[in-house]
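Undergrad: Here the sequence shown stands for residues 8 to 496, numbered as in my numbering.
Beta carbons: idealized from backbone N, C-alpha and C, even for Gly.
Below are the structure tokens for one structure; questions will follow.
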Amino acid sequence: MYIYELPFEINKELCRLLDIEDYWKELAGNHMKYSAFDVNDIEQTARRFSMSPTNQLFTRWGQLNHRAEELFILLYRMKHIPALNCLAPAVNKDFHKLLNKHKNSSSAKAACHTALVQDKSPQKTDGSFSSIPLPVMLMEKVDGVQQPTSSIHNGTAPSPYETSSDISKDSSTGGRANNDEYEIMKRVSSIPKMSYEELKEATDNWSNNNLLGRGGFGQVFKGEWKHLPVAVKRLQRENDGRNKELIAEMCLNQYRHDNILPLYGYCLGGPEACLVYQLMAGGSLEQRLRGKTHHPPLTWSQRYNIAHGVARGLQFLHTMAGTPLIHGDIKPANILLDQCLMPKIGDFGLARKGPYGEDRTHLKVSRVFGTRPYLPYEYLSTRCLSPAVDVYSYGVVMVEMATVLLALDRDRKVQLLSQHIHEIAKLGIDPATLEDPVIRGTAYSNPSMCREFFSIGLHCTKFKRNERPTMLEVFKRLNAFQTPQANFT
Ligand SMILES: Nc1ncnc2c1ncn2[C@@H]1O[C@H](COP(=O)(O)OP(=O)(O)OP(=O)(O)O)[C@@H](O)[C@H]1O
């Protein structure tokens, strides 16, 4: 019997059993070998049409002419006894010995508990199936029981009998995907997967000529992948935290916005895990401010556009449907610029989903990550993470953009820029005197813009977090500033 011929009652009950606790995902990803992308797609489609995801999975798999016996074997591998019981009437009796095998074994999966409790199989078996010899068509063996080999596999999902799995091949351990990895795959499933070989070729075998920079987690290379300019972040092999970085990047860098650096894909299959981003031809804001590129200094108009774009991106993250996303590491090195100097926020390795609901204002985290000179006291001392942390960091970046003073300068009396600017304000010093020396006193100077940046910086770095503006307020303030000053250079 083909899957699409399953009797309505059996199909319905299987859907019920496998929808519980998302067992269908295990079936689809670990056993039918669908990619995480497909699993996600099935889930989305089912949600869109308010239907059972298992049913959606069966429809897809069934289109490849898979048979009930094949499904039976996969359920056997999952040790899902209620589902096996349910499907038993639809398969050749020779397969029932698999069910007996589980019934006689004490190792039936604890994970089936929920399903067992709620089992309403239309036809219960009494465990007394006969052990008739298997049909001649069966050629391969699984756990001592031969399996059919006659299915037509003309689609993307490999045969359940193939020994190599897409997921296990893709695993950084080189072995079968473990639960953690499967969890990652489930969550990152909308991000395309790339092969290590492809990326090696794209970067000319990780050529030093293509090296764009280095960060705490690895190196970033320029490359061309399928005629698309890309930046490939190759994560350090010995870096224990790389999986964390990878997971966070993949799970959280999925918010699509003009001012968020798009993650094009990832690769878990090679000696090092890689993340692939849009290539930002303008480099990082850090490089531009510190004159580390061959480009001319930024004009005020460009600085304004960068400040505006970053505020726009952050207010977007902070206002995500009731759950703000806190970036946690806003600094010039993580603000990338495209060829038109449009900024995109990158590096979501430290990003966190923020406090849920309006009554929750912060999260208490177990460890503080990030770059110290950009972090406020309440986060460093009491580990309170809230969107106000990003606001604070943004304030420091605003002042850096206006003055190119270092966020931390050990030769300065007040080493932290976030504190230094408050001292300056207290002393009544005109911030325009601190304007970036490259443009101060030139035709490109813009003292009022410098004061405005400084003033936003002061507001954002207020000691008390509830006295800081929200990113939306900052964004609006910048918008308002644009109109009367439209002709600044
Ligand atoms: N998409 C990109 N396009 C162009 N250059 C990039 C891109 N991503 C990163 N870079 C360059 O590579 C450098 C290293 O980036 P990476 O994100 O690894 O580290 P970082 O942010 O500088 O430091 P850390 O991750 O330790 O905080 C950046 O400073 C930037 O110059």
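Return yes when at least one heavy atom of ligand 1 lies under 7 Å from the C-beta of residue 293, else no.
TA: Residue 293 sits at position 286 when you count from the first residue of the sequence shown. For ligand 1, at least one heavy atom lies less than 7 Å from the Cβ of residue 293.
Undergrad: Among 10, 415, 476, 242, whose alpha-carbon lies nearest the alpha-carbon of residue 278?
TA: Here residue 278 corresponds to residue number 271 of the sequence shown, with the count starting at 1. The shortest C-alpha separation from residue 278 is found at 242.
Undergrad: Since residue 320 and residue 377 should fall inside the 8 Å C-beta cutoff, what is the C-beta to C-beta distance between them, to a whole number of angstroms?
TA: Here the question's residue 320 lines up with position 313 in the sequence shown. Here the question's residue 377 lines up with position 370 in the sequence shown. Not a contact, Cβ separation roughly 17 Å.
Undergrad: Residue ranges of each alpha helix (DSSP H) run of no fewer than 4 residues wholly in the stretch 418-453, ordered along the chain?
TA: With a minimum length of 4 residues, the continuous alpha helix (DSSP H) runs that stay inside the stretch 418-453 are 424-434.
Undergrad: Heavy atom of ligand 1 less than 7 Å from the Cβ of residue 265, yes or no?
TA: What you label residue 265 is simply residue 258 of the sequence shown in a count that begins at 1. For ligand 1, not one heavy atom lies less than 7 Å from the Cβ of residue 265.
Undergrad: Would you say the beta carbon of residue 217 comes nearer than 7 Å to a heavy atom of ligand 1?
TA: As a position in the sequence shown, residue 217 is number 210, starting the count at 1. No - ligand 1 has no heavy atom lying nearer than 7 Å to the Cβ of residue 217.
Undergrad: May I ask you to verify whether the stretch 378-396 touches the stretch 435-453, counting CB pairs closer than 8 Å and requiring at least 3?
TA: The answer is no - the stretch 435-453 does not touch the stretch 378-396, with fewer than three Cβ pairs under 8 Å.
Undergrad: With distances taken from CA atoms, which of 483, 32, 81 is nearest residue 64?
TA: Start at 1 with the first residue of the sequence shown, and residue 64 comes out as number 57. When only C-alpha atoms are compared, the closest one is 32.
Undergrad: Are residue 318 and residue 478 touching if we call contact CB-CB under 8 Å?
TA: Translated into the one-based positions of the sequence shown, residue 318 becomes position 311. Translated into the one-based positions of the sequence shown, residue 478 becomes position 471. For residue 318 and residue 478, yes; Cβs fall inside 8 Å.
Undergrad: Can you find the residues in the same chain that come closer than 7 Å, C-beta to C-beta, to residue 11, ignoring five residues on each side of it along the sequence?
TA: As a first step, residue 11 must be located in the sequence shown, where it is residue number 4. Taken in chain order, the residues that qualify are 69.
Undergrad: Using 8 Å for Cβ pairs, my map puts residue 343 next to residue 291. What's the rounded Cβ distance?
TA: Translated into positions along the sequence shown, residue 343 becomes position 336. Translated into positions along the sequence shown, residue 291 becomes position 284. Right, their Cβ atoms sit about 6 Å apart.
Undergrad: Can you give the Cα-Cα distance for residue 206 and residue 341, rounded to whole angstroms?
TA: The count along the sequence shown starts at 1 and reaches residue 206 at position 199. The count along the sequence shown starts at 1 and reaches residue 341 at position 334. Answer to the nearest angstrom: the Cα atoms are 22 Å apart.
Undergrad: Leaving out five residues before and five after residue 218 in sequence, what residues of the same chain have Cβ atoms less than 7 Å from its Cβ?
TA: As a position in the sequence shown, residue 218 is number 211, starting the count at 1. So the list reads 226, 228, once near-sequence residues are dropped.
Undergrad: In chain order, what are the residue ranges of uninterrupted beta strand (DSSP E) at least 3 long that sit wholly in the stretch 208-240?
TA: As far as the stretch 208-240 is concerned, its whole beta strand (DSSP E) runs of at least 3 residues are 218-222, 225-232.
Undergrad: Buried or exposed: where does residue 247 fall if 16 or more other Cβ atoms within 10 Å of its Cβ makes it buried?
TA: As a first step, residue 247 is located in the sequence shown; it is residue number 240 there, counting from the start. For residue 247, the predicted model reports a pLDDT of 49, less than 50, meaning its position is unreliable; a value from the coordinates is still stated below. Classification of residue 247: exposed, given that the 10 Å Cβ count is below 16.
Undergrad: Would a C-beta distance cut-off of 8 Å place residue 285 and residue 304 closer than the cut-off?
TA: The residue given as residue 285 occupies position 278 in the sequence shown. The residue given as residue 304 occupies position 297 in the sequence shown. Result no, Cβ atoms of residue 285 and residue 304 do not sit closer than 8 Å.
Undergrad: Under 8 Å: do the stretch 99-110 and the stretch 70-87 share three or more Cβ pairs, one atom per stretch?
TA: Verdict: yes, contact present.
Undergrad: Residue 412 by DSSP, collapsed to three states: which one?
TA: Counted from its first residue, the sequence shown places residue 412 at position 405. Residue state, collapsed to three classes: coil.
Undergrad: If distances are taken between C-alpha atoms only, which option among 272, 95, 387 comes closest to residue 235?
TA: Walking along the sequence shown from the start, residue 235 turns up at place 228. Nearest C-alpha to residue 235: 272.
Undergrad: How far does the alpha helix (DSSP H) with residue 309 in it extend, from its first residue to its last?
TA: For the purposes of this step, residue 309 is taken as the residue at position 302 of the sequence shown. 307-325 is the extent of the alpha helix (DSSP H) around residue 309.
Undergrad: Could you tell me if the beta carbon of residue 225 falls within a distance shorter than 7 Å of some heavy atom in ligand 1?
TA: Residue 225 sits at position 218 when you count from the first residue of the sequence shown. Result yes, Cβ under 7 Å from ligand 1.
Undergrad: Going by the C-beta, is residue 32 closer than 7 Å to any heavy atom of ligand 1?
TA: Taking the first residue of the sequence shown as position 1, residue 32 is located at position 25. No, Cβ of residue 32 sits at least 7 Å from all heavy atoms of ligand 1.
Undergrad: In chain order, what residues of the same chain have a beta carbon less than 6 Å from the beta carbon of residue 353, not counting five sequence neighbours either side?
TA: Stepping through the sequence shown from its first residue, residue 353 is reached at position 346. The residues are 268, 341, 343.
Undergrad: In angstroms with no decimal places, state the Cα-to-Cα distance between residue 345 and residue 405.
TA: The count along the sequence shown starts at 1 and reaches residue 345 at position 338. The count along the sequence shown starts at 1 and reaches residue 405 at position 398. Using only the alpha carbons, I get a separation of about 19 Å.
Undergrad: Quick test of your reading: residue 442 and residue 410, contact by CB under 8 Å. State the CB separation rounded to the nearest angstrom.
TA: On the sequence shown, residue 442 is found 435 positions in, with the first residue counted as 1. On the sequence shown, residue 410 is found 403 positions in, with the first residue counted as 1. Right, the Cβ-Cβ distance comes to about 7 Å (below 8 Å), so this counts as a contact.
Undergrad: According to DSSP, what are the bridge partners of residue 342?
TA: The count along the sequence shown starts at 1 and reaches residue 342 at position 335. Beta-bridge pairing links residue 342 to 352.
Undergrad: Starting from residue 285 and walking both ways along the beta strand (DSSP E), at which residues does that stretch end?
TA: Here residue 285 refers to the residue found at position 278 of the sequence shown. Note, residue 285: beta strand (DSSP E), 281-285.
Undergrad: Taking just the CA atoms, how far does residue 200 sit from residue 17?
TA: Here residue 17 refers to the residue found at position 10 when the sequence shown is read from its first residue. Here residue 200 refers to the residue found at position 193 when the sequence shown is read from its first residue. Going from the Cα of residue 17 to the Cα of residue 200 covers about 35 Å.
Undergrad: Cα separation between residue 223 and residue 487?
TA: The residue labelled residue 223 in the question sits at position 216 within the sequence shown. The residue labelled residue 487 in the question sits at position 480 within the sequence shown. Going from the Cα of residue 223 to the Cα of residue 487 covers about 38 Å.
Undergrad: Would you say residue 414 lies against chain D (beta-carbon separation less than 8 Å)?
TA: In the structure shown, chain D cannot be found, because there is only a single protein chain.
Undergrad: Below 8 Å on the Cβ atoms is my guess for residue 314 versus residue 485; work out the distance and round it to an integer in Å.
TA: Indexing the sequence shown from 1 puts residue 314 at position 307. Indexing the sequence shown from 1 puts residue 485 at position 478. So it is a contact: roughly 6 Å between Cβ atoms.
Undergrad: Mind checking whether residue 72 and residue 30 have CB atoms under 8 Å apart?
TA: Along the sequence shown, read from residue 1 onward, the residue named residue 72 stands at position 65. Along the sequence shown, read from residue 1 onward, the residue named residue 30 stands at position 23. No, they are not a contact pair.
Undergrad: Give the C-beta separation of residue 316 and residue 350 to the nearest angstrom, bearing in mind that I take them to be a contact with Cβ-Cβ under 8 Å.
TA: Here residue 316 corresponds to residue number 309 of the sequence shown, with the count starting at 1. Here residue 350 corresponds to residue number 343 of the sequence shown, with the count starting at 1. Contact holds; Cβ gap of about 4 Å.
Undergrad: Taking residue 310 as the reference, which of 408, 337, 481, 230 has the closest Cα?
TA: The sequence position of residue 310 within the sequence shown is 303, counting from 1. Closest by alpha carbon: 408.
Undergrad: Which partner residues does residue 272 have in the DSSP bridge list?
TA: Residue mapping note: residue 272 aligns to position 265 of the sequence shown, counting from 1. Per DSSP, 283.
Undergrad: Output the distance between the C-alpha atoms of residue 325 and residue 337, rounded to the nearest integer angstrom.
TA: On the sequence shown, position 318 is the one that residue 325 refers to. On the sequence shown, position 330 is the one that residue 337 refers to. Approximately 13 Å, taken between the alpha carbons.
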